[in-house]
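K.L.:
According to numbering that gives the first Met the number 0, the sequence shown is numbered sequentially starting from 0.
My structure is below; once you've seen it, I'll send some questions.
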Amino acid sequence: MNPQNLDIKIESVGGMGANLIGKILGETAAMKLMLNATSFSSYGSEKTGSPVTAFVRVRNNHDTIIENTPITHPDILALFHQSFLKNDGALAGLTTDSRLIVNTPLGTEPIRKLLGHDTPDLFVLDCQSLMEQHPVRINMLMLGAILKASGNEDWFLAVLEFAEELFSSKEPETLHNNLLAVRLGYEETVFSKGISAEKKELFPPSRQISVFGYRNTLPGGILPSLGNTAQNNLSLSRNGYIPKYLPEKCIHCGLCDTTCPDMVFTFREGEYNNRRAMINQGPDYRFCKGCLRCVEVCPTQALVSQKDTSGNLSGTHGADPIITSEAFYQENVKEGGLNE
Ligand code: SF4
Ligand code: SF4
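The following block contains the structure:
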């Protein structure tokens, strides 16, 4: 892999800062390493939790970059969450020559098994553990991992210099934490050599086609994958914590419900203190993005922060839903056409 000739694709969700690190990579390649570089991002609805893909192209200074289309065959593909491994669209264009970076606590071997293919070079980083131990954010950790996978140490040093300039006007703590995150991402990323006999495409475009037709398109043309309308699963947006509901402490005041941006709480008619009341049934975790605003606002500590161990490789997590988009989805699945 030529570190001066790279196509990088970063798969993330809104609110995690993938766009910023794409810009940092592009800007440092151009301004510090004097290479040609472009970076741009593709957004969905620009809502926290919806898919975001950032693209970075780098060429040596003799090659003008004339493409401004999304990267279809990345040399480096960075997945902000292991859930993207279930998404053929995210993995599209990956070849045995590519480098795949995954944020996961699982390590390299389970990831190879999940891919079920000849695999590219793998770089894994457990961002959640690092965020629990240090005051760092996921995007800067992933930036460090991408720089490691690029094999270009000059770029890593250039990014540290650039980050000092970028954050010098902020609080000293902000600068320190961001530099720490890039270093940790670079140093803690674990590399495992790919297994491949020859160069070949691992996820060809034919695997990415969902066969929706007039007989099986869901109402309104909704998309059933993570972060889309049918499932609206926001669990990808979490940064390691979710609220834990302690019903015995709850006074059913509803403050959590009015504060929650994603209407995660469900209420049912019932009785509280010998009076009719709407009784909190707790969170439906699939809709919870882990912002913990509900924990801050709860007056009785009936909501506390707990580590998110859902891992996101199973289908659903957490409390049983009462009426959820999952139920709606199941009711509306028509024969064929859905890649389950
Ligand atoms: S804010 Fe706390 S006490 Fe009020 S309904 Fe929510 S969990 Fe219960
Ligand atoms: S952490 Fe609380 S406020 Fe935030 S999305 Fe989840 S339930 Fe809603």
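All C-beta atoms in this analysis are idealised placements derived from N, C-alpha and C, irrespective of residue type, glycine included.
Quantities reported herein were computed from a predicted structural model and do not represent experimental measurements.
Which residues in the same chain have their Cβ closer than 7 Å to the Cβ of glutamate 131, if we skip the five residues on either side of it in sequence?
P.N.:
If you number the sequence shown from 1, residue 131 lands on position 132. Excluding positions up to five away in sequence, the list reads Gly239.
K.L.:
Starting from the Cα of proline 282, find the closest Cα among Ile137, Cys293, Lys306 and Asp62 and give me that residue.
P.N.:
Here residue 282 corresponds to residue number 283 of the sequence shown, with the count starting at 1. Looking at the Cα atoms, Cys293 is the closest of the given residues.
K.L.:
Does the Cβ of isoleucine 278 lie closer than 7 Å to at least one heavy atom of ligand 1?
P.N.:
Within the sequence shown, residue 278 is the residue found at index 279, counting from 1. Isoleucine 278: no, Cβ never under 7 Å from ligand 1.
K.L.:
Going by CA-CA distance only, name the one from Pro246, Val296 and Lys8 that's closest to arginine 98.
P.N.:
For the purposes of this step, residue 98 is taken as residue 99 along the sequence shown, with counting starting at 1. Nearest of Pro246, Val296 and Lys8 to arginine 98, Cα basis: Lys8.
K.L.:
Just to confirm, is the Cβ distance from aspartate 120 to phenylalanine 202 under 8 Å?
P.N.:
The count along the sequence shown starts at 1 and reaches residue 120 at position 121. The count along the sequence shown starts at 1 and reaches residue 202 at position 203. Going by C-beta atoms, aspartate 120 is not nearer than 8 Å to phenylalanine 202.
K.L.:
DSSP three-state call for asparagine 176: helix, strand or coil?
P.N.:
Within the sequence shown, the letter at position 177 stands for residue 176. DSSP places asparagine 176 in helix when its eight states are reduced to three.
K.L.:
Compare the beta carbon distance of histidine 133 and leucine 90 with 8 Å and say whether it is the shorter of the two.
P.N.:
If you number the sequence shown from 1, residue 133 lands on position 134. If you number the sequence shown from 1, residue 90 lands on position 91. Going by C-beta atoms, histidine 133 is not nearer than 8 Å to leucine 90.
K.L.:
Is glycine 25 near serine 38, with beta carbons less than 8 Å apart?
P.N.:
Position 26 of the sequence shown, counted from the first residue, corresponds to residue 25. Position 39 of the sequence shown, counted from the first residue, corresponds to residue 38. Yes, the Cβ-Cβ distance between glycine 25 and serine 38 is below 8 Å.
K.L.:
If you drop the 5 nearest sequence neighbours on each side, which residues of the same chain put their C-beta closer than 8 Å to that of lysine 243?
P.N.:
Here residue 243 is taken as the residue at index 244 of the sequence shown, counted from 1. Closer than 8 Å at Cβ, skipping near neighbours: Leu302, Val303, Ser304 and Gln305.
K.L.:
Are the beta-carbon atoms of isoleucine 23 and phenylalanine 166 separated by less than 8 Å?
P.N.:
For the purposes of this step, residue 23 is identified with residue 24 of the sequence shown, where counting begins at 1. For the purposes of this step, residue 166 is identified with residue 167 of the sequence shown, where counting begins at 1. Going by C-beta atoms, isoleucine 23 is not nearer than 8 Å to phenylalanine 166.
K.L.:
So, phenylalanine 79 versus glutamate 10, is the Cβ gap smaller than 8 Å?
P.N.:
As a working mapping, residue 79 is identified with position 80 in the sequence shown. As a working mapping, residue 10 is identified with position 11 in the sequence shown. Their beta carbons are under 8 Å apart, which means phenylalanine 79 touches glutamate 10 by this criterion.
K.L.:
Just to confirm the assignment, what range does the alpha helix (DSSP H) spanning proline 218 have?
P.N.:
The residue given as residue 218 occupies position 219 in the sequence shown. Looking at the DSSP string, proline 218 is not in any alpha helix (DSSP H), and its letter there is neither H nor E.
K.L.:
State the beta-bridge partners of serine 191 as determined by DSSP.
P.N.:
Taking the first residue of the sequence shown as 1, we reach residue 191 at position 192. Bridge partners of serine 191: Leu121.
K.L.:
Let's test the definition: count the other Cβ atoms within 10 Å of the Cβ of isoleucine 64 and tell me whether it reaches 16, buried, or not, exposed.
P.N.:
Position 65 of the sequence shown holds residue 64. Exposed, since its Cβ has fewer than 16 Cβ neighbours within 10 Å.
K.L.:
Within 7 Å: the Cβ of arginine 275 and any heavy atom of ligand 2?
P.N.:
Counted from its first residue, the sequence shown places residue 275 at position 276. Checking the Cβ of arginine 275 against ligand 2 gives no.
K.L.:
Quick check on DSSP: helix, strand or coil for valine 263?
P.N.:
Your numbering for residue 263 matches position 264 in the sequence shown. Coil at valine 263, not helix or strand.
K.L.:
For ligand 2, any of its heavy atoms closer than 7 Å to the Cβ of aspartate 307?
P.N.:
Working through the sequence shown from its first residue, we reach residue 307 at position 308. Not under cutoff, so the answer is no.
K.L.:
Report yes if the C-beta distance between leucine 156 and leucine 140 is below 8 Å; otherwise report no.
P.N.:
The sequence position of residue 156 within the sequence shown is 157, counting from 1. The sequence position of residue 140 within the sequence shown is 141, counting from 1. Not in contact: leucine 156 and leucine 140 (Cβ atoms no closer than 8 Å).
K.L.:
Please report the distance separating the alpha-carbon of asparagine 151 from that of glutamine 3.
P.N.:
For the purposes of this step, residue 151 is taken as the residue at position 152 of the sequence shown. For the purposes of this step, residue 3 is taken as the residue at position 4 of the sequence shown. Rounded to whole angstroms, asparagine 151 to glutamine 3 spans 8 Å at the Cα level.
K.L.:
Identify, in the order they occur along the chain, each residue of the same chain with its Cβ nearer than 8 Å to the Cβ of methionine 269, setting aside the five sequence neighbours on each side.
P.N.:
Mapped onto the sequence shown, residue 269 falls at position 270. Reading the sequence as shown, one finds glycine at residue 269 and not methionine. Within the same chain, glycine 269 has close Cβ partners Arg275, Ala276, Met277 and Ile278.
K.L.:
Whole-angstrom Cβ separation of leucine 146 and valine 158, contact assumed at under 8 Å?
P.N.:
One-based indexing of the sequence shown puts residue 146 at position 147. One-based indexing of the sequence shown puts residue 158 at position 159. Going by Cβ atoms, the distance from leucine 146 to valine 158 rounds to 6 Å, so yes, they are a contact pair.
K.L.:
Can you give the Cα-Cα distance for leucine 245 and valine 135, rounded to whole angstroms?
P.N.:
What you label residue 245 is simply residue 246 of the sequence shown in a count that begins at 1. What you label residue 135 is simply residue 136 of the sequence shown in a count that begins at 1. Their Cα atoms are separated by approximately 29 Å.
K.L.:
Report the residue ranges of all alpha helix (DSSP H) runs contained in full by the stretch 64–130; include only those spanning at least 4 residues, in chain order.
P.N.:
Counting whole runs of 4 or more residues, the stretch 64–130 contains the alpha helix (DSSP H) stretches 87–90 and 107–114.
K.L.:
Is valine 57 a contact residue of ligand 3, with contact defined as CB to any heavy atom under 7 Å?
P.N.:
The model depicted lacks ligand 3 and carries ligand 1 and ligand 2 instead.
K.L.:
Whose CA, out of Ser82, Gly289 and Asp125, lies closest to the CA of leucine 105?
P.N.:
Walking along the sequence shown from the start, residue 105 turns up at place 106. Considering only alpha carbons, the answer is Asp125.
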